[in-house]
Amino acid sequence: MTRLRAAAIWARPWDAPPVWGGELSLSGARIGAVTAAEAQGDAILIPGLVNAHDHGRGLRPLAYGAPDAPLEAWLWDLWRQPKTDPYLTALVAFGRMALSGVATVVHNHLPQTGDWLGEAKAVAQAARDIGLRLGFVVPILDRNLAGYDGGAAVKAAVTAQDWAAIEHAQALPPVEEQIALVGEIADAIDGPDVITQFGPPGPQWLGEKGLTAVAQAAEQSGRRVHLHLLETRLQRSWLDAECPEGAHVFLERAGLLNNRLTVAHGVFLRPGEIAALSDAGVALALNTSSNLRLFSGTADGSALLGARLPLGIGLDGMGFDDDADILRELRLTAALLGPRRFDTAGLSRSAILRAGMATGRTAFDGAEGQGLLPMAQADVVALSLQKLAYDQIDPAPEALAGLIMGRASRSAVRDVWVAGRQIVKDGAVTGADLPGAERALVDAARATYAAPDWASRARAACVAASTPKRPT
Ligand SMILES: [Zn+2]
Numbered sequence: 286m287t288r289l290r291a292a293a294i295w296a297r298p299w300d301a302p303p304v305w306g307g308e309l310s311l312s313g314a315r316i317g318a319v320t321a322a323e324a325q326g327d328a329i330l331i332p333g334l335v336n337a338h339d340h341g342r343g344l345r346p347l348a349y350g351a352p353d354a355p356l357e358a359w360l361w362d363l364w365r366q367p368k369t370d371p372y373l374t375a376l377v378a379f380g381r382m383a384l385s386g387v388a389t390v391v392h393n394h395l396p397q398t399g400d401w402l403g404e405a406k407a408v409a410q411a412a413r414d415i416g417l418r419l420g421f422v423v424p425i426l427d428r429n430l431a432g433y434d435g436g437a438a439v440k441a442a443v444t445a446q447d448w449a450a451i452e453h454a455q456a457l458p459p460v461e462e463q464i465a466l467v468g469e470i471a472d473a474i475d476g477p478d479v480i481t482q483f484g485p486p487g488p489q490w491l492g493e494k495g496l497t498a499v500a501q502a503a504e505q506s507g508r509r510v511h512l513h514l515l516e517t518r519l520q521r522s523w524l525d526a527e528c529p530e531g532a533h534v535f536l537e538r539a540g541l542l543n544n545r546l547t548v549a550h551g552v553f554l555r556p557g558e559i560a561a562l563s564d565a566g567v568a569l570a571l572n573t574s575s576n577l578r579l580f581s582g583t584a585d586g587s588a589l590l591g592a593r594l595p596l597g598i599g600l601d602g603m604g605f606d607d608d609a610d611i612l613r614e615l616r617l618t619a620a621l622l623g624p625r626r627f628d629t630a631g632l633s634r635s636a637i638l639r640a641g642m643a644t645g646r647t648a649f650d651g652a653e654g655q656g657l658l659p660m661a662q663a664d665v666v667a668l669s670l671q672k673l674a675y676d677q678i679d680p681a682p683e684a685l686a687g688l689i690m691g692r693a694s695r696s697a698v699r700d701v702w703v704a705g706r707q708i709v710k711d712g713a714v715t716g717a718d719l720p721g722a723e724r725a726l727v728d729a730a731r732a733t734y735a736a737p738d739w740a741s742r743a744r745a746a747c748v749a750a751s752t753p754k755r756p757t
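Following this line, the structure appears as structure tokens:
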């Protein structure tokens, strides 16, 4: 049994302020007891965080020449990503997340080779080595990979040779094979802390037959489904043309509108759609930094106020400082989706904390995190009191809560336990040589870097077709 003495414990930050002092005992993968004790040491204990939507970007787009830009243009830049070892790539991404207090990640995999099963095994091994709980989302897609018009605009603007290269690069196995692969991957990697999910990347990227087949396969297997929804204005226009009745109707027709569904982004969701998703028990992962960096704006905090749908916070591999800092992401989301002036419309701080530490876990296994309570899963983060509150004058617990919410970032994370295992100790991951892994990954990427020319020409065509015409 591990006993953690604390300077303060903030057991359920969305419910009540922290208490000074205390002791937490970890009994295997669970919390044994939380008891009162005199304050000791530097640790403020909080629940482990959930990164409810990510892609495991061990190599970050800015580093390989993909600047922040509107999503549809940026997707072409992602073809610049060097092909690197999937284990090393995921290890570096998961290690970075762990350092900011992430205990659970829902990873939407972006395959780099034809061997999706092999990549899944490598990613699951990386999660186990770092010690993160992993939702592994398998992509299933078959259309609009070169634009929401079926690729017509890009095809018209590039040479036949470029178009052939694009079609070759985007070739995929038939949808039935992709769906069948989800079961194979699950058989190979699932365990108590790894759960495979179906991942149509978005309604515009998988045809209706495929979406219906995913819904049926998910129903039969009881697996969760995770998809991007209404991330951009162009996706809103696409969906309005396909289904003017709204996203909920579109999802219902496919059989996907149920409490096993997580949608990510939701920037352009309308209030009626949010209400319908709430009624169905759909989870929503917010991705504030990513939405800012990819020119989408922000989700509507006031429309989400009062919605009962489980919210999560996702980094999407695109944190604002490009450093996978889930704590800063919470604060940024609170600032941008929170109340304005004296109006209370907007997501409260407690709603954001709950999303990051409790309801976001729904995207992993459908169950809400409980915080630091006896019998709850032993996912614990120790923040440094010295770092966050060395100058605290008002001794009230509420003032400490304000300091944590106002200042917490990865630089304050000292230790992290997941299911009772210590995965970060004194600010370093315990399961791998993270600095060495990152050096090896970057070296390998530099050695193989070769950005395809056609990607930049297709990107230019996409930008030309998507830029609103203004009178001169
Ligand atoms: Zn994403």
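Counting from 286, one number per residue, gives the positions in the sequence shown under my numbering.
Note that beta-carbon positions come from the ideal geometry of N, C-alpha and C, so glycine has one too.
Exercise. Is residue 609 helix, strand or coil by DSSP?
Worked result: coil
Problem set entry | Given 8 Å, three or more beta-carbon pairs between the segment 403-418 and the segment 446-463 | Between the segment 403-418 and the segment 446-463 there are fewer than three inter-stretch CB-CB distances shorter than 8 Å, so the stretches are not counted as touching.
For this session: Closer than 6 Å is what we want: which residues have a beta carbon that near any heavy atom of ligand 1? List them in chain order.
Result: This criterion selects 338, 340, 393, 513, 549 and 601.
For this session: Work out the CA separation of residue 713 and residue 536 for me, nearest whole Å.
Result: 43 Å
Exercise. Should residue 470 go down as buried or exposed, given a rule of 16 or more other Cβ atoms within 10 Å for buried?
Worked result: buried
Exercise. Going by alpha carbons, who is nearest to residue 331 out of 325, 343 and 302?
Worked result: 302
Exercise. By Cβ distance below 6 Å, which residues in the same chain neighbour residue 342 in space, the five residues on each side in sequence not counted?
Worked result: 378 and 602
For this session: Go ahead and label residue 347 buried or exposed: buried means 16 or more other beta carbons lie within 10 angstroms of its beta carbon, across all protein chains shown.
Result: exposed
For this session: Could you check how far apart the C-beta atoms of residue 598 and residue 329 are, in whole angstroms? I think they sit under 8 Å.
Result: At roughly 20 Å, the Cβ-Cβ gap does not stay under 8 Å, so residue 598 and residue 329 are not in contact.
Exercise. Going along the chain, which unbroken runs of the alpha helix (DSSP H) with 4 or more residues stay wholly within the segment 503-578?
Worked result: 518-527, 532-539, 556-565 and 573-578
Exercise. With 16 other CB atoms within 10 Å as the buried threshold, where does residue 357 fall?
Worked result: buried
Exercise. What whole-angstrom Cβ distance do residue 695 and residue 612 have, given they're in contact under 8 Å?
Worked result: 6 Å
For this session: Name the one or two DSSP bridge partners that residue 330 has.
Result: Note: residue 330 sits in a beta bridge opposite 294 and 667.
For this session: Note down the Cα distance separating residue 519 from residue 584, rounded to an integer number of angstroms.
Result: 15 Å
Problem set entry | Proximal residues to residue 312 (C-beta, below 7 Å), its chain only, five neighbours per side dropped | 286
Exercise. If we count the other Cβ atoms within 10 Å of its Cβ and call it buried at 16 or more, is residue 678 buried or exposed?
Worked result: exposed
Exercise. To which residues does DSSP link residue 702 through a beta bridge?
Worked result: 665 and 707
Exercise. Contact between the segment 312-323 and the segment 628-637: three or more CB pairs below 8 Å?
Worked result: no
Exercise. Which residue from 337, 380 and 373 puts its Cα closest to that of residue 710?
Worked result: 380
For this session: May I have a chain-ordered list of the alpha helix (DSSP H) segments no shorter than 4 residues that lie completely inside the segment 460-489?
Result: 460-474
Exercise. Does the count of Cβ pairs from the segment 588-598 and the segment 633-651 closer than 8 Å reach three?
Worked result: yes
Exercise. In angstroms, rounded to a whole number, what distance separates the CA positions of residue 557 and residue 638?
Worked result: Rounded to the nearest angstrom, the two C-alpha atoms are 25 Å apart.
For this session: Pull up the DSSP beta-bridge partners for residue 320, would you.
Result: The partner list for residue 320 (beta bridge, DSSP) reads 308.
Exercise. Taking the DSSP output, what are the residues bridged to residue 287?
Worked result: 311
Problem set entry | Member of 484, 524 and 400 whose CA lies at the smallest distance from the CA of residue 434 | 524
For this session: Look up residue 689 in the DSSP assignment and say whether it is helix, strand or coil.
Result: Residue state, collapsed to three classes: helix.
For this session: Please look up how many angstroms separate the CB atoms of residue 474 and residue 502, rounded, as I've assumed it's under 8 Å.
Result: Residue 474 to residue 502, Cβ: 17 Å. No contact.
Exercise. Below 8 Å between beta carbons: does that hold for residue 386 and residue 420?
Worked result: no
Exercise. If you draw a straight line from the alpha carbon of residue 454 to that of residue 398, how long is it in whole angstroms?
Worked result: A straight line joining the alpha-carbon of residue 454 with that of residue 398 spans about 10 Å.
For this session: Ignore the nearest five residues each way along the sequence and tell me which others in residue 305's own chain have a CB closer than 6 Å to its CB.
Result: 293 and 324
For this session: With residue 424 as the anchor, note down where its beta strand (DSSP E) starts and where it stops.
Result: 418-424
Exercise. Under a three-way DSSP split, which group does residue 276 fall into?
Worked result: Nothing in the structure corresponds to residue 276, since the chain is present only between 286 and 757.
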